[in-house]
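Input: a single structure, listed below in structure tokens.
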Amino acid sequence: MSEGIDGLKPDGKGNYIISDWQGKVQLVNTEKKPEVLLNTTKAGINAADIEFIIDQKLLLIPTFGANCVVAYRVLTE
28 MSEGIDGLKP DGKGNYIISD WQGKVQLVNT EKKPEVLLNT TKAGINAADI
78 EFIIDQKLLL IPTFGANCVV AYRVLTE
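Taking our numbering, the leading residue of the sequence shown gets 28, the next gets one more, and so forth.
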């Protein structure tokens, strides 16, 4: 599990997407181990508070190191 969790959003399927300031984004639930969706820690790109648009399966991540907002389509079970 991430340390210093900064973002927490439900995915609409009983899971949560969490981000930590270091740059790791994970899918978590009570049934299995966290699944790393994205890890930009080594690149020095931090993740701020996240937004997840459920009906579009779109994850928005504001960054610090890259000074931008990145978007990813998340396909979860």
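Backbone N, C-alpha and C fix where the C-beta goes; we use that ideal spot for every residue, glycine too. The model shown is predicted, which means the values in this text are computed figures rather than measured ones.
- Distance between T90 and N42, taken at the CA atoms: about 23 Å.
- Taking the C-beta atoms as reference points, D33 is found nearer than 8 Å to A74.
- CA-CA distance, G31 to I88, rounds to 16 Å.
- In the structure shown, I81 falls within a helical segment according to DSSP collapsed to helix, strand and coil.
- K36 is a Cβ neighbour of I77, given a cutoff of 8 Å.
- Going by C-alpha positions, I81 is about 22 Å away from W48.
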